[in-house]
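Following: one structure in structure tokens, then a few remarks.
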Amino acid sequence: MKQKFIVTLLSVSMTTFLVGGAVGFWALGKLRPAAIQSAA
1 MKQKFIVTLL SVSMTTFLVG GAVGFWALGK LRPAAIQSAA
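In UniProt numbering, the protein residues as written are 1 to 40.
Now the structure itself:
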């Protein structure tokens, strides 16, 4: 029972990490051109 809980916690944290990374990467791609344009 406890092992299943640990596995679930691991998968949830991995999914959160992957989703957070994807969102951060997408936000970086969206914001980078705007920052370059405003600086130019």
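Glycine included, C-beta positions come from ideal geometry on N, C-alpha and C. Please read all numbers here as calculations on a predicted model, not as lab measurements.
Residue 25 has its alpha-carbon roughly 19 Å from the corresponding atom of residue 37. The three-state secondary structure of residue 1, taken from DSSP, is coil. Residue 6 and residue 23 have their C-alpha atoms some 26 Å from each other. Annotation for residue 9: no residue places its beta carbon closer than 7 Å to its own, counting only its chain and skipping 5 residues before and after.
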